[in-house]
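The structure appears right after this line, and notes come after that.
There are 2 protein chains.
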Amino acid sequence: MHKFKLKQPLQTWRGEALSPVTLAYETWGELNAERSNAILLFTGLSPGAHAASSEDDPESGWWEAMLGPGKPIDSTRFFVICINSLGSCLGSTGPDSLNPASGKPWRLDFPELAIEDIAASSWQVVQHLGITQLHCVIGPSMGGMTALALLKQFPQSARHMISISSAAAANPFAIAIRSLQREAIVTDPNWQNGHYSDSCWPISGMRMARKLGMISYRSALEWQQRFDRQPQSQFATTTYGMNFQVESYLEAHALKFIGQFDPCCYVYLSRAMDWFDASDRHDDDLSAMLSQTALQSALILGVHTDLLFPLSDQQALAVAMDKTGIRHELLALDSLQGHDAFLIDIDRFGPPIHRYLA
Amino acid sequence: MHKFKLKQPLQTWRGEALSPVTLAYETWGELNAERSNAILLFTGLSPGAHAASSEDDPESGWWEAMLGPGKPIDSTRFFVICINSLGSCLGSTGPDSLNPASGKPWRLDFPELAIEDIAASSWQVVQHLGITQLHCVIGPSMGGMTALALLKQFPQSARHMISISSAAAANPFAIAIRSLQREAIVTDPNWQNGHYSDSCWPISGMRMARKLGMISYRSALEWQQRFDRQPQSQFATTTYGMNFQVESYLEAHALKFIGQFDPCCYVYLSRAMDWFDASDRHDDDLSAMLSQTALQSALILGVHTDLLFPLSDQQALAVAMDKTGIRHELLALDSLQGHDAFLIDIDRFGPPIHRYLA
Numbered sequence: 003m004h005k006f007k008l009k010q011p012l013q014t015w016r017g018e019a020l021s022p023v024t025l026a027y028e029t030w031g032e033l034n035a036e037r038s039n040a041i042l043l044f045t046g047l048s049p050g051a052h053a054a055s056s057e058d059d060p061e062s063g064w065w066e067a068m069l070g071p072g073k074p075i076d077s078t079r080f081f082v083i084c085i086n087s088l089g090s091c092l093g094s095t096g097p098d099s100l101n102p103a104s105g106k107p108w109r110l111d112f113p114e115l116a117i118e119d120i121a122a123s124s125w126q127v128v129q130h131l132g133i134t135q136l137h138c139v140i141g142p143s144m145g146g147m148t149a150l151a152l153l154k155q156f157p158q159s160a161r162h163m164i165s166i167s168s169a170a171a172a173n174p175f176a177i178a179i180r181s182l183q184r185e186a187i188v189t190d191p192n193w194q195n196g197h198y199s200d201s202c203w204p205i206s207g208m209r210m211a212r213k214l215g216m217i218s219y220r221s222a223l224e225w226q227q228r229f230d231r232q233p234q235s236q237f238a239t240t241t242y243g244m245n246f247q248v249e250s251y252l253e254a255h256a257l258k259f260i261g262q263f264d265p266c267c268y269v270y271l272s273r274a275m276d277w278f279d280a281s282d283r284h285d286d287d288l289s290a291m292l293s294q295t296a297l298q299s300a301l302i303l304g305v306h307t308d309l310l311f312p313l314s315d316q317q318a319l320a321v322a323m324d325k326t327g328i329r330h331e332l333l334a335l336d337s338l339q340g341h342d343a344f345l346i347d348i349d350r351f352g353p354p355i356h357r358y359l360a
Numbered sequence: 003m004h005k006f007k008l009k010q011p012l013q014t015w016r017g018e019a020l021s022p023v024t025l026a027y028e029t030w031g032e033l034n035a036e037r038s039n040a041i042l043l044f045t046g047l048s049p050g051a052h053a054a055s056s057e058d059d060p061e062s063g064w065w066e067a068m069l070g071p072g073k074p075i076d077s078t079r080f081f082v083i084c085i086n087s088l089g090s091c092l093g094s095t096g097p098d099s100l101n102p103a104s105g106k107p108w109r110l111d112f113p114e115l116a117i118e119d120i121a122a123s124s125w126q127v128v129q130h131l132g133i134t135q136l137h138c139v140i141g142p143s144m145g146g147m148t149a150l151a152l153l154k155q156f157p158q159s160a161r162h163m164i165s166i167s168s169a170a171a172a173n174p175f176a177i178a179i180r181s182l183q184r185e186a187i188v189t190d191p192n193w194q195n196g197h198y199s200d201s202c203w204p205i206s207g208m209r210m211a212r213k214l215g216m217i218s219y220r221s222a223l224e225w226q227q228r229f230d231r232q233p234q235s236q237f238a239t240t241t242y243g244m245n246f247q248v249e250s251y252l253e254a255h256a257l258k259f260i261g262q263f264d265p266c267c268y269v270y271l272s273r274a275m276d277w278f279d280a281s282d283r284h285d286d287d288l289s290a291m292l293s294q295t296a297l298q299s300a301l302i303l304g305v306h307t308d309l310l311f312p313l314s315d316q317q318a319l320a321v322a323m324d325k326t327g328i329r330h331e332l333l334a335l336d337s338l339q340g341h342d343a344f345l346i347d348i349d350r351f352g353p354p355i356h357r358y359l360a
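Now the structure itself:
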């Protein structure tokens with residue numbers, strides 16, 4: 003994993019200054035002599051920069067099946083960069099980093115974070131690598147928002163885009179779910195207005211936030227086929243539940259997540275998604291924003307069973323593209339796994355991404 | 003509102019005895035001489051027996067537009083009974099009632115409640131009114147489960163059924179949502195293992211449970227059209243949210259609910275829904291259960307946008323009916339309002355119910 007430290011304080015989208023800013027990133031493949039084969043991959047809310055294994059780090063990444071030599075995002079042809087989002091806690095600066103003024107973690111003193119800040123700080127990494135225009139920017143989920151935030155601020159930044167199970171603006175149903183996730187975290191008595199400690203962690207709030215996340219990431223149809231009404235024996239039955247396999251599945255996922263992700267970082271990134279609207283500096287005219295970019299084409303992928311970023315979100319992006327000269331294709335895939343399908347259903351997601359990049 | 007006190011302790015479905023049991027109910031219309039025009043209406047999780055206004059209680063009921071003279075459930079033709087579910091807190095015995103052994107509310111000492119107990123206790127009210135067989139049993143949501151629980155235990159109890167946005171067994175997605183709602187309540191520090199008091203109420207847990215309920219009761223499409231990304235000014239912005247109208251809408255609904263419904267009753271009824279499976283005493287063969295009943299026909303209504311009781315639930319009931327001699331019709335309605343549509347979209351729900359009963 004590489005680290006890049008910004009030379010200047012970051013002027014944030016909502017009008018504050020943040021310093022110091024370090025971003026963690028990984029790369030795959032080689033930049034060609036023309037510096038024209040770079041792909042920037044933005045992530046969803048919780049993954050880090052380790053999208054796939056490499057010589058430096060042979061451990062499997064979160065998109066292992068999608069990225070690598072001969073894979074749909076082919077690292078023998080492209081120079082691929084994946085950056086841990088600003089505000090996250092997996093190597094990049096975020097609310098859990100040290101505030102130099104206090105010598106303690108920033109927590110709620112961290113500046114209000116916008117998706118635009120994730121994009122703008124990441125763009126400095128790309129420039130640092132000697133790239134002035136990306137061949138393609140790819141973003142699933144929150145990463146698709148970040149891709150649009152990049153184009154909004156740096157219209158010449160990319161020639162092509164793959165937007166996956168994402169949106170040009172947060173819809174009210176997704177806002178409701180994320181708002182409730184954050185409420186679960188900050189109403190946990192251990193939250194302590196952001197002053198939680200290792201021995202006093204908002205476990206209960208993080209557990210519920212993750213469970214609600216899983217509910218919004220998957221689909222009823224998948225769970226019907228996968229769990230039906232099978233009983234569980236992994237956990238003791240509680241007042242509230244733990245009778246059925248679907249409950250133990252959620253519990254196991256939540257327990258894993260609690261120790262992995264900082265609650266404050268989660269709240270900041272989640273809120274940034276709600277705030278995001280790619281067209282807010284263009285009188286809510288997304289076509290106008292897109293028209294000013296160097297984008298030549300776009301591939302927009304979505305899934306019928308996605309609750310959090312439903313097909314209507316991807317359709318809205320495609321409709322805006324219709325009014326521009328940007329060639330684009332919207333594919334509505336039949337995956338069962340809802341919003342998470344891009345991580346799992348490589349059989350459906352791999353071929354169109356491979357074809358588009360070829 | 004009438005009250006009926008069971009003569010004997012209720013032997014519960016899960017093998018306990020409950021006494022005393024009082025059920026609150028209301029009626030509309032007149033029982034005919036043949037006692038053949040009775041309709042029993044079971045409710046969803048939270049409503050009480052006051053389904054519609056009457057001379058005794060002129061206040062509007064929860065299904066005012068559906069029930070009354072000349073309405074789809076026509077009280078000039080039918081004698082309609084609506085009973086507050088056992089376990090609820092709106093007049094009938096439930097976990098918030100006094101436990102005679104302790105002189106305090108039952109709370110978690112209340113016997114484990116099953117949907118079958120709601121049906122069996124309600125059947126005693128029907129018999130008390132001199133009715134041996136219902137013309138029709140109607141149930142929306144949890145009420146549709148209760149209707150099947152009635153037929154499962156008393157196969158001769160009804161000739162016709164209207165099952166609305168309901169299921170013959172809880173599906174894993176709905177279980178996940180309800181399990182998380184209960185978790186929010188019982189992990190609230192004020193829950194106190196059920197020993198909450200008026201001055202120490204699990205407000206935070208009930209608020210989150212209700213918000214998650216609303217998320218599962220409505221649809222993304224409705225909220226997109228209704229709220230889009232409109233800002234709100236009703237509540238102060240918090241760490242977690244309150245920027246958008248959809249958030250203030252949820253907050254207002256939650257605040258109203260907190261004082262209206264007992265947390266313990268909520269947990270008991272919610273858990274009973276998860277446990278319910280209409281075919282569990284018939285080797286999971288729902289057709290076998292239905293075949294043993296006096297049912298002559300059934301109307302099954304569902305909504306495309308329902309997340310909690312998706313159309314696949316109603317289709318499963320219809321498929322089971324296909325193997326029986328019971329005439330039945332499944333209507334998939336185009337309402338925007340998701341699971342709650344039966345309460346709101348009377349234009350779509352009224353006509354088929356009127357036609358079926360005529």
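Here the protein sequences line up with chains A and B, keeping their order. Residue 3 is where the first sequence starts when you use this note's numbering, and the numbers rise one by one after that. Residue 3 is where the second sequence starts when you use this note's numbering, and the numbers rise one by one after that. The beta carbon of each residue, even a glycine, is placed where N, CA and C say it ideally should be.
- In this structure, DSSP gives GLY243 (chain B) a state outside helix and strand, which the three-state scheme calls coil.
- Within the same chain, Cβ atoms closer than 6 Å to the Cβ of CYS84 (chain A) are found at GLU28, LEU43, ALA51 and ALA53, the five residues on either side in sequence being excluded.
- Rounded to whole angstroms, GLY93 (chain A) and SER218 (chain B) show a C-alpha spacing of 36 Å.
- Of the residues A:ALA176, A:PHE259 and A:SER314, the one whose Cα lies closest to the Cα of ILE302 (chain A) is A:SER314.
- Only residues of its own chain outside the window of five on either side were considered, and among them LEU47, ARG180, GLN183 and ARG184 have a CB closer than 8 Å to the CB of SER272 (chain B), listed in chain order.
- Within chain B, the residues placing a beta-carbon under 7 Å from that of MET210 (chain A) are LEU182, GLU185 and ALA186, ordered along the chain.
- Under DSSP, PRO142 (chain A) forms a beta bridge with A:ILE166.
- The alpha-carbon of LEU338 (chain A) is positioned some 15 Å away from that of LEU309 (chain B).
- With fewer than 16 neighbouring CB atoms inside 10 Å of its own CB, GLU57 (chain A) falls in the exposed class.
- For the stretch 11–30 of chain A, the set of positions with a beta-carbon nearer than 7 Å to some beta-carbon of chain B is empty.
- MET244 (chain B) and GLY141 (chain B) have their C-alpha atoms some 36 Å from each other.
- The Cβ atoms of ILE120 (chain B) and GLY89 (chain B) lie closer than 8 Å to each other.
- By the C-beta density criterion, PRO107 (chain B) is buried, having at least 16 other C-beta atoms within 10 angstroms.
- For THR239 (chain A), the number of other beta carbons within 10 angstroms of its own is below 16, and it is reported as exposed.
- Between ALA40 (chain B) and LEU136 (chain B), the CB-CB gap stays under 8 Å.
- In the displayed model, TYR198 (chain A) falls within coil according to three-state DSSP, outside both helix and strand.
- With a 10 Å radius around the Cβ and a threshold of 16 neighbouring Cβ atoms, LEU345 (chain B) comes out buried.
- Take the alpha-carbon of ALA122 (chain A) and the one of GLY70 (chain A): they are about 26 Å apart.
- In the three-state reduction of the DSSP assignment, LYS154 (chain A) falls in the helix class, which pools H, G and I.
- The stretch 193–202 of chain B and the stretch 274–289 of chain B do not touch, with fewer than 3 CB-CB distances between them shorter than 8 Å.
- Taken through DSSP and simplified to helix, strand or coil, GLU331 (chain A) comes out as strand.
- The three-state reading of DSSP puts THR326 (chain B) in coil, since its state is none of H, G, I, E or B.
- Its chain contains ALA26, TYR27, GLU28 and THR29 as the residues whose beta carbon lies nearer than 8 Å to that of HIS4 (chain A), once the 5 sequence neighbours on both sides are disregarded; these appear in chain order.
- Here the stretch 220–230 of chain A lies against the stretch 165–174 of chain B, with 3 or more beta-carbon pairs under 8 Å apart.
- Nearest neighbour of GLY304 (chain A) by Cα position, chosen from A:CYS267, A:GLY340 and A:CYS202, turns out to be A:GLY340.
- Per the C-alpha coordinates, the member of B:GLN317, B:GLN298, B:ASP230 and B:MET208 positioned closest to ASP264 (chain B) is B:MET208.
- Taking a Cβ-Cβ cut-off of 9 Å, PHE259 (chain B) has no neighbours in chain A, whose nearest Cβ is about 14 Å from it.
- Only residues of its own chain outside the window of five on either side were considered, and among them ASP98, ASP264 and CYS267 have a CB closer than 6 Å to the CB of CYS91 (chain B), listed in chain order.
- Taking one beta carbon from each stretch, the stretch 8–16 of chain B and the stretch 322–332 of chain A have fewer than 3 pairs nearer than 8 Å; the two do not touch.
- Neighbours of PHE263 (chain A) in chain B, taken as residues whose beta carbon is under 8 Å from its own, are absent, since the nearest beta carbon is some 16 Å off.
- Shown here for ILE348 (chain A): same chain residues with a beta carbon closer than 7 Å to its own, the five before and five after excluded, namely ALA67 and MET68 in chain order.
- At a C-beta separation below 7 Å, ARG283 (chain A) has no neighbours in chain B, since its nearest C-beta there lies roughly 15 Å away.
- Residue range 4–7 is occupied by the beta strand (DSSP E) that includes HIS4 (chain A).
- Taken in chain order, the complete alpha helix (DSSP H) segments of 4 residues or longer contained in the stretch 95–149 of chain B are 117–130.
- Using a CB distance cut-off of 8 Å, TYR268 (chain B) does not count as an interface residue toward chain A.
- Within chain A, the C-beta atoms nearer than 9 Å to that of LYS213 (chain B) come from ALA178, SER181, LEU182 and GLU185, in chain order.
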